[in-house]
Amino acid sequence: MSKVIECKNISKTFESVNGDFQVIGDISIEADQNEILVLFGPGQCGKTTLLKVIAGLEPATSGTIHINGKEKTKPGPECGLVYQTTALFPWLTTMGNVEYGPKVQGVPKKERRARAQKYIDLVGLTGFEKSYPIQLSGGMRQRVGIARVYCNEPEVMLMDEPFGHLDAQTRYLMQEELERIWQTEKRTIIFVTNNIEEALYLADRVLVMTNCPATIKKEFKIDLPRPRDYTDPEFLRLRQEITSIVDPAE
Amino acid sequence: MKKRKKINGVRVGIGAAAICSFLCLWAFATREGTTLGILMPGPVEVFTHLVETTYTKVGPLTIWGHMFNSLRRVLVGFTIASCCGILLGLAMGWNRTLEAIFRPIFELLRPIPPLAWISLAIVWFGLGEGGKYFIIFVSGFSNVTINVYTGAKSVDPELIGAAKMLGCSERRIFPSIVIRSSVPYIFTGLQIAISSSWAAVVAAEMVRSTNGIGWMITAGQSVGNMEQIMVGIIVIGVIGFLLSTFMRGVESKLCAWSRVQDS
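These protein sequence lines map, in sequence, to chains A and B.
Its first residue numbered 1, the first sequence is counted upward by one per residue in the working numbering.
Its first residue numbered 1001, the second sequence is counted upward by one per residue in the working numbering.
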């Protein structure tokens, strides 16, 4: 099976007056079609930076990124990013945000409206098409963020701790919602989190990362049936195993 | 929402009561026999004079004519100031080279009060309308520029990243993200500018004028007509209030997204 995304020997060093600071040290990752790959690691370990490098928002110090065989060097619509802060355009309504990608790429109005409506419905925001982000709750804003990326039909979806700012209750709900959305329309997702339950609930594979500079410590294949049960013995065993090997947060 | 209406009603009531008490205080302070009463007219005289001026001419025109002339001057000066200010502000906020060129000049010119320009305005533009437009332009321009500049500078880089990732080209980032997210700042600038432009009309009309509300005041001053001065002052206050209320209305329509709305 061909890989949708292949990142080879990525490293990233930030240069500053106080000397160089290596955030990512030689990481290679790849993901299959419609796979959910979770990057799990302690806080501040460079997961977000890695995602930004993959997204093309930060240049890699070394290494290459290929998406479906094409080399990626700058941000573009082949990758979609769901931000922790949502990064919705506050002056646009739900509809405006979701249809933004197709709009700037010249998709005719009728077609992009229909497509946007489909994804607004999929994420469960029917009836909120005309609301501005400021009128929505945190969980709803993140739904808009997911719909916006879905609607742009990227080859890979990147999610940077999308539920990190939500309260515990909403977080569980959104994990279940993402599972449902993904079951309806499968995509290749690279999901970054520091929450072990979230990682195990969503992942096909979990990559455990080390502290800064981030490297991959161990890979776990998660074969539990979906949707997963947080109290399943195997789930709890994996949780225990992964938690025991992860570095303490700095 | 009924409760909110009630609160608004109470607020308007309190405001009206405060204005009434102020008028009473004014009437009391200028009652017959007081020193202040000899120096300036009471509210009743001023109001009577105001009504009179709506049908009898003060100098060449009735009060409506003076108002029209002042408003015309302010709107011309304000419109030019807004256009230039928005363009310069966006340019300085978005392009580093333009920022490096214009920022120092702008920062030096900014603290100069509009009044200080009067003599130069006369030399440059003569005693006609040009000089007046210039004074009003100066008083509005820097307010618009500095606000728009701040707005264009404070565009969230994450939004620019998000737009690029959704397929927005480099060239479209400016109209699609930078200008759009600067709109609330643009309106703040315009609102301050309309108020300060209107306030500058008196100064502008001191550049030898034959009409306008500012002229009414200076003319009243030269003949010692206190009632005329007071009418001028009150009209400036009321119109200034109406202009900024109007701008706020436009802003709340266009920038609904930037604040929490009552549903």
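Cβ coordinates follow ideal geometry from the N, Cα and C atoms, glycine included.
Nothing here was measured: the structure is a model prediction, and the numbers come from that model.
Cβ of residue i within 8 Å of any chain B Cβ
i	result
A:PHE220	no
A:ILE134	yes
A:PHE211	Going by the sequence as given, residue 211 of chain A is Asn instead of Phe. Not one chain B Cβ lies under 8 Å of A:ASN211.
A:ASN152	yes
Rounded C-alpha distance that separates residue i from residue j
i	j	result
A:THR85	A:THR193	14 Å
A:GLU177	A:LYS8	32 Å
B:ILE1135	B:ARG1180	30 Å
A:VAL206	A:ILE222	7 Å
A:GLN169	A:VAL4	33 Å
A:GLU294	A:THR93	Any property of residue 294 of chain A remains undetermined from this structure, which presents chain A solely from 1 to 250.
A:TYR256	A:ARG239	The structure shown does not extend to residue 256 of chain A, since chain A spans only 1 to 250, so no value can be given for it.
B:SER1236	B:ALA1203	The identity of residue 1236 of chain B in the sequence shown is Ile, whereas the question assumes Ser. Whole-angstrom Cα-Cα distance: 13 Å.
B:PHE1187	B:GLU1251	6 Å
A:LEU236	A:PRO59	38 Å
B:TRP1026	B:ILE1118	34 Å
B:ARG1248	A:VAL246	55 Å
A:MET140	B:ARG1172	28 Å
A:GLY76	B:LEU1090	25 Å
A:VAL149	B:ALA1162	10 Å
A:ARG115	B:ILE1177	23 Å
B:MET1067	B:PRO1043	21 Å
B:LYS1005	B:ILE1014	14 Å
A:ILE216	A:GLY164	22 Å
A:LEU125	B:SER1139	47 Å
A:ILE54	A:ILE65	7 Å
A:ARG171	B:PHE1174	35 Å
A:LEU51	A:ILE146	16 Å
A:GLY43	A:VAL144	26 Å
B:PHE1022	B:VAL1231	16 Å
B:MET1165	B:LEU1071	47 Å
A:ASN195	A:ILE181	20 Å
B:GLY1037	B:VAL1046	12 Å
A:SER62	B:CYS1084	46 Å
A:ILE189	B:PHE1078	52 Å
Residue i classed as buried or exposed, judged by whether at least 16 other C-beta atoms fall within 10 angstroms
i	result
A:ASN152	buried
B:ASN1143	buried
A:GLU15	exposed
A:TYR230	exposed
B:PHE1246	exposed
A:ALA249	exposed
A:CYS45	buried
A:GLU241	exposed
B:GLY1033	exposed
B:ASP1262	Because B:ASP1262 sits at a pLDDT of 43, beneath the cut-off of 50, its placement in the model cannot be relied upon, and the following sentence gives the value as read from the coordinates. Classification for B:ASP1262: exposed.
A:GLY56	buried
B:CYS1168	buried
B:PHE1028	exposed
B:LEU1109	exposed
A:GLN183	exposed
A:LYS70	exposed
A:PRO102	buried
A:ARG226	exposed
A:ARG228	buried
is_contact[residue i, chain A] using C-beta, thresh 8 Å
i	result
B:ALA1152	no
B:ALA1193	no
B:TRP1026	no
B:ALA1204	no
B:TRP1094	no
B:VAL1010	no
Residue i Cβ short of 7 Å to the ligand ZN heavy atom set
i	result
A:GLU78	The ligand ZN is absent from the structure shown, which contains no ligands of any kind.
Using a Cβ cut-off of 7 Å, which residues of the region 60-92 of chain A contact any Cβ in chain B, in chain order?
PRO75, GLY76, PRO77, CYS79, GLY80, LEU81, TYR83, THR85, ALA87, PHE89, PRO90 and TRP91
Is the region 1145-1154 of chain B touching the region 130-137 of chain A, taking contact as three or more C-beta pairs under 8 Å? no
With 7 Å as the C-beta to C-beta threshold (strictly closer), list the residues of the region 101-133 of chain A near chain B in chain order. GLY101, VAL104, GLN105 and TYR132
Residues within the region 1156-1189 of chain B neighbouring chain A, beta-carbon criterion of under 8 Å:
ASP1156, GLU1158, LEU1159, GLY1161, ALA1162, ALA1163, LYS1164, MET1165, LEU1166, GLY1167, CYS1168, SER1169, ARG1172, SER1176, ILE1177, ARG1180, SER1181 and VAL1183
Review point. What are the residues of the region 39-61 of chain A that lie near chain B, defined by any Cβ-Cβ distance shorter than 7 Å?
Key: ALA55 and LEU57
Report yes or no: do three or more beta-carbon pairs, one from the region 1122-1129 of chain B and one from the region 33-50 of chain A, lie closer than 8 Å?
no
Quick check: the region 1089-1100 of chain B against the region 1112-1127 of chain B, are there 3 or more CB pairs under 8 Å? no
Are the region 156-166 of chain A and the region 74-88 of chain A touching by the rule of at least three beta carbon pairs closer than 8 Å?
-> yes
Problem - Residues from the region 1238-1259 of chain B in contact with chain A, defined by Cβ distance under 9 Å - result: CYS1255, ALA1256, TRP1257, SER1258 and ARG1259
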